[in-house]
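Read through the structure below, which is laid out as structure tokens, and then see the notes.
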Amino acid sequence: MTHRSCFDARLIVLRHPSNTNPTRTILPDEHSRDVTIAAASKLERDRLIGDVFFYVQIFSALGFGVTQGILMMTTTEGVSVTWLLFWEVFLLINLSLSIRAHQVQPSRITRQTVVTYAIWTIMILLDTAIYAAQDSVIWSAVDTWTAAIALTGIGVTVFIGSRRKLAVTDPLVRGYLAVFFKGVPQLTLAYNIVVVGGSGVSVFGILTGHITICSRLGQILMSLREAGWDRNRRGSAISEIANEGSWIVVTIAWFVVL
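One point on numbering: in numbering that gives the first Met the number 0, the residue at position 79 of the sequence shown is 78, and numbering is uninterrupted.
See the structure below:
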């Protein structure tokens, strides 16, 4: 073997992957740093958007509760007690579920969810008390029909869920329950507004209804981009689509009788 051949052979041995220096520090490459920075930036952006949605919910809950309560001290025209009662029960169920979720796995999002449902629960409870304190008729034929349809739907949903071994906490069961807790009472509210008038429903309430529902739909769409169309998001979508669809009907009825 010539001198040059020996040199080339030694060079090949030195370059072989197995001949690495164990004391050499391996630094993260530029791609890894970019990925880390991008992930941190996305986390911060998602947190900011989540906070915006949270404050929108709080503002809407307080604004709706106050304006609707003040208006009902003057007139309750178009308002049905079953709309408020079923809404209150729906909020209590979701409040208890969100508290349990926070106890199991505490996080910033679950804490914000508990606070949101707690404020909405208090506001609707106060509005229900204000409505009941007025001299107007508390229970009407519309309330009877609302209760009959909603309770039947709730019972059927729970029965089918139990047959399939699904608890009330199951996302899809909750989604369909929302149809009867929120969707049906809002549709009969729209009917009542057309029949007797809608001056008892506040302008702020009409507007914030769409704002709060659409903000929750926005959160669902954001999560769909990250986690896909899973069971939780399907249940949430069913709930909020029924909520927004029925509130659109209420809005149309309210504008018709202006």
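Every residue gets a Cβ at the ideal spot worked out from N, C-alpha and C, and that includes glycine.
Val172 and Thr151 - do their beta-carbons sit closer together than 9 angstroms? What you label residue 151 is simply residue 152 of the sequence shown in a count that begins at 1. What you label residue 172 is simply residue 173 of the sequence shown in a count that begins at 1. No, they are not a contact pair.
Roughly how many angstroms separate the alpha carbons of Thr211 and Val55, rounded to a whole number? Sequence index remark: in the sequence shown, residue 211 carries index 212 (1-based). Sequence index remark: in the sequence shown, residue 55 carries index 56 (1-based). C-alpha separation (whole angstroms): 7 angstroms.
Roughly how many whole angstroms lie between the Cα atoms of Ala236 and Leu176? Your numbering for residue 236 matches position 237 in the sequence shown. Your numbering for residue 176 matches position 177 in the sequence shown. About 12 angstroms.
Within a Cβ cutoff of 7 angstroms, which residues of the same chain sit near Trp253, ignoring the five residues on either side of it in sequence? Stepping through the sequence shown from its first residue, residue 253 is reached at position 254. Excluding positions up to five away in sequence, the list reads Ile192, Gly197, Val200, Ile205.
When the Cα atoms are used, what is the spatial distance from Thr109 to Ala100? For the purposes of this step, residue 109 is taken as the residue at position 110 of the sequence shown. For the purposes of this step, residue 100 is taken as the residue at position 101 of the sequence shown. The straight-line gap from Cα to Cα measures roughly 7 angstroms.
Could you say if the region 73-83 and the region 113-131 meet the contact criterion of at least three C-beta pairs nearer than 8 angstroms? yes
What do you reckon, are the CB atoms on Val167 and Ile92 nearer than 9 angstroms? One-based indexing of the sequence shown puts residue 167 at position 168. One-based indexing of the sequence shown puts residue 92 at position 93. Contact flag set, yes.
The alpha helix (DSSP H) with Ser106 in it runs from where to where? Taking the first residue of the sequence shown as position 1, residue 106 is located at position 107. Run containing Ser106: none; DSSP gives neither H nor E here.
With C-beta atoms as the reference, is Val183 less than 9 angstroms away from Thr145? Working through the sequence shown from its first residue, we reach residue 183 at position 184. Working through the sequence shown from its first residue, we reach residue 145 at position 146. Cβ distance < 9 angstroms, so Val183 and Thr145 count as in contact.
Inspect the beta-carbon positions of Arg215 and Pro170 and report whether they are closer than 9 angstroms. Taking the first residue of the sequence shown as position 1, residue 215 is located at position 216. Taking the first residue of the sequence shown as position 1, residue 170 is located at position 171. Against a cut-off of 9 angstroms, the Cβ pair of Pro170 and Arg215 comes out as no contact.
Delimiting residues of the alpha helix (DSSP H) encompassing Phe254: Working through the sequence shown from its first residue, we reach residue 254 at position 255. Counting along the chain, the alpha helix (DSSP H) containing Phe254 begins and ends at 230-255.
Less than 9 angstroms between the C-beta atoms of Gly217 and Phe52, yes or no? Here residue 217 refers to the residue found at position 218 of the sequence shown. Here residue 52 refers to the residue found at position 53 of the sequence shown. Cβ distance < 9 angstroms, so Gly217 and Phe52 count as in contact.
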